[in-house]
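K.L.:
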Amino acid sequence: AQSVTQLGSHVSVSEGALVLLRCNYSSSVPPYLFWYVQYPNQGLQLLLKYTSAATLVKGINGFEAEFKKSETSFHLTKPSAHMSDAAEYFCAVSPTNTGNQFYFGTGTSLTVIP
Amino acid sequence: DAGVIQSPRHEVTEMGQEVTLRCKPISGHNSLFWYRQTMMRGLELLIYFNNNVPIDDSGMPEDRFSAKMPNASFSTLKIQPSEPRDSAVYFCASSPLRSGSATGELFFGEGSRLTVL
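So the protein lines, in turn, are chains R and Z. If you're matching positions, the first sequence starts at 238 in my numbering and goes up one per residue. If you're matching positions, the second sequence starts at 5 in my numbering and goes up one per residue.
(1) In angstroms with no decimal places, state the Cα-to-Cα distance between Val294 (chain R) and Pro332 (chain R).
(2) Tell me where the beta strand (DSSP E) around Thr343 (chain R) begins and ends.
(3) Enumerate in chain order the residues of its own chain whose CB-to-CB distance from Ala92 (chain Z) is below 7 Å, with the five nearest sequence positions on each side excluded.
(4) Between Z:Phe69, Z:Gln10, Z:Gly32, which lies nearest to Leu101 (chain Z) when the distance is taken from Cα to Cα?
(5) Which same chain residues end up closer than 8 Å to Gly342 (chain R) when comparing Cβ atoms and leaving out the 5 residues on each side of it in sequence?
(6) For Glu15 (chain Z) and Asp322 (chain R), what's the separation of their Cα atoms in angstroms?
(7) How many Å lie between Leu313 (chain R) and Asn54 (chain Z) at the Cα?
(8) Run through chain R and tell me which residues come within less than 9 Å of Arg102 (chain Z), C-beta to C-beta.
(9) Taking DSSP as the reference, what is the three-state secondary structure of Asp60 (chain Z)?
(10) Looking only at C-alpha atoms, which of Z:Lys82, Z:Ser77, Z:Val57 sits nearest to Glu22 (chain Z)?
(11) With distances taken between CB atoms, is the gap from Ile9 (chain Z) to Lys28 (chain Z) smaller than 7 Å?
(12) Just to make sure I have the definition right: I need the residues of chain R whose C-beta is within less than 7 Å of the C-beta of Ser99 (chain Z). Which are they?
(13) If we define contact as Cβ-Cβ less than 7 Å, is Glu18 (chain Z) a contact residue for chain R?
(14) Are the CB atoms of Ala76 (chain Z) and Ile51 (chain Z) within a distance shorter than 7 Å?
(15) Can Leu285 (chain R) and Tyr273 (chain R) be called in contact, C-beta distance under 7 Å?
(16) My understanding is that Val197 (chain Z) touches Ser86 (chain Z), with C-beta atoms under 8 Å, so please give their C-beta distance in whole angstroms.
(17) Using three-state DSSP, classify Ser331 (chain R) as helix, strand or coil.
(18) May I have the straight-line CA-CA distance separating Gln275 (chain R) from Met73 (chain Z), to the nearest angstrom?
(19) In or out: Leu47 (chain Z) buried (at least 16 other Cβ within 10 Å) or exposed?
(20) Mind checking which residues open and close the beta strand (DSSP E) that includes Ala71 (chain Z)?
(21) Does Asn278 (chain R) come out as helix, strand or coil in the three-state DSSP assignment?
(22) Enumerate in chain order the residues of its own chain whose CB-to-CB distance from Ser264 (chain R) is below 6 Å, with the five nearest sequence positions on each side excluded.
(23) Under 7 Å between the Cβ atoms of Cys96 (chain Z) and Gly113 (chain Z)?
(24) Among all the DSSP beta bridges, which residues are the ones paired with Ile83 (chain Z)?
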């Protein structure tokens, strides 16, 4: 069975500081991995995805994530936080071998302090 | 390119009333998903369809909930009768069926915010 764990339901960083949002997955076979962002009163929007190509994936708005098989992790980072990064972030996994199932983490709310 | 379109964006109704939420997926996408989001339970998958066929409805809370996809461009989620605990934001998402190198990521609509009084 697949599962996704996002450590830290709330993360606060100062503007200009490093953003690190953690995601670990449980799967016998490396899945496809995704990060989504949700701004208030909006739907989820894809930030970036890992599809078994390069392990370091760059996404929109300066975010990137690194797939580490040995750690079963796919942490999201951004070198310098901006006020506009304040949002809810969701990690999701999708098995590569079973249709279109998606499993979402519980989300991490990012607050950026001016 | 039009995204996933959901209607209504907001619905306020009274307990016991029937609620119908509508979704138009992105043209060409073969998979359609209905999610529910609440503060308490986060994002929950209710049901998903591949090629208009329901594949997994294990997340549908109870018999009061039903979902249909009569064709590739339209789906409904119906709650009858509605209850206050059904208050949530309901998201529809669509995805191309995975094949070859296509990853089939989800594209979400803006959501339908339901309030049941």
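Note that the Cβ used here is the ideal one computed from N, Cα and C, for glycine as well. Quick caveat, the model's predicted, so the values are computed rather than measured.
P.N.:
With the structure as the only source:
(1) If you number the first sequence from 1, residue 294 (chain R) lands on position 57. If you number the first sequence from 1, residue 332 (chain R) lands on position 95. For Val294 (chain R) and Pro332 (chain R), the distance between alpha carbons rounds to 18 Å.
(2) Translated into positions along the first sequence, residue 343 (chain R) becomes position 106. First-last for Thr343 (chain R): undefined, no H or E at that position.
(3) Taking the first residue of the second sequence as 1, we reach residue 92 (chain Z) at position 88. Arg40, Gln41, Thr42, Leu118.
(4) Locating residue 101 (chain Z) in the second sequence gives position 97, counting from the first residue. Minimum Cα distance to Leu101 (chain Z) is reached at Z:Gly32.
(5) On the first sequence, residue 342 (chain R) is found 105 positions in, with the first residue counted as 1. Counting only Cβ-Cβ distances below 8 Å, and skipping sequence neighbours, we find Val241, Thr242, Gln243, Cys260, Phe327, Cys328, Ala329.
(6) In the second sequence, the residue the question calls residue 15 (chain Z) occupies position 11. In the first sequence, the residue the question calls residue 322 (chain R) occupies position 85. Rounded to the nearest angstrom, the two C-alpha atoms are 29 Å apart.
(7) In the first sequence, the residue the question calls residue 313 (chain R) occupies position 76. In the second sequence, the residue the question calls residue 54 (chain Z) occupies position 50. The alpha-carbon atoms of Leu313 (chain R) and Asn54 (chain Z) are separated by roughly 30 Å.
(8) One-based indexing of the second sequence puts residue 102 (chain Z) at position 98. Here the neighbours are Tyr269, Ser331, Thr333, Gly336, Asn337.
(9) Taking the second sequence and counting its residues from 1, the one referred to as residue 60 (chain Z) is at position 56. The answer is strand: DSSP assigns Asp60 (chain Z) an E or B state.
(10) Position 18 of the second sequence holds residue 22 (chain Z). If we check each option's Cα against that of Glu22 (chain Z), Z:Lys82 comes out closest.
(11) On the second sequence, residue 9 (chain Z) is found 5 positions in, with the first residue counted as 1. On the second sequence, residue 28 (chain Z) is found 24 positions in, with the first residue counted as 1. The Cβ atoms of Ile9 (chain Z) and Lys28 (chain Z) lie closer than 7 Å to each other.
(12) In the second sequence, residue 99 (chain Z) corresponds to position 95, counting from 1. Under the 7 Å cutoff, chain R gives Asn337.
(13) Counted from its first residue, the second sequence places residue 18 (chain Z) at position 14. Chain R, which has no Cβ nearer than 7 Å to the Cβ of Glu18 (chain Z), makes this no.
(14) Mapped onto the second sequence, residue 51 (chain Z) falls at position 47. Mapped onto the second sequence, residue 76 (chain Z) falls at position 72. It is not a contact, given that the beta carbons lie outside the stated cut-off.
(15) Taking the first sequence and counting its residues from 1, the one referred to as residue 285 (chain R) is at position 48. Taking the first sequence and counting its residues from 1, the one referred to as residue 273 (chain R) is at position 36. No, Cβ-Cβ distance for Leu285 (chain R) and Tyr273 (chain R) is not below 7 Å.
(16) With chain Z running from 5 to 121 in the structure shown, residue 197 (chain Z) is simply not present.
(17) Here the question's residue 331 (chain R) lines up with position 94 in the first sequence. Looking at Ser331 (chain R) - three-state DSSP - the assignment turns out to be strand.
(18) As a working note, residue 275 (chain R) is residue 38 in the first sequence. As a working note, residue 73 (chain Z) is residue 69 in the second sequence. So the two alpha carbons sit approximately 26 Å from each other.
(19) Counted from its first residue, the second sequence places residue 47 (chain Z) at position 43. Label assigned to Leu47 (chain Z): buried.
(20) The residue given as residue 71 (chain Z) occupies position 67 in the second sequence. Per DSSP, Ala71 (chain Z) belongs to the beta strand (DSSP E) from 69-75.
(21) Here residue 278 (chain R) refers to the residue found at position 41 of the first sequence. Three-state DSSP puts Asn278 (chain R) in coil, outside helix and strand.
(22) Translated into the one-based positions of the first sequence, residue 264 (chain R) becomes position 27. The residues are Gln239.
(23) Numbered from 1 along the second sequence, position 92 holds the residue referred to as residue 96 (chain Z). Numbered from 1 along the second sequence, position 109 holds the residue referred to as residue 113 (chain Z). It is a contact, given that the beta carbons lie within the stated cut-off.
(24) Here the question's residue 83 (chain Z) lines up with position 79 in the second sequence. Z:Val23, Z:Phe69.
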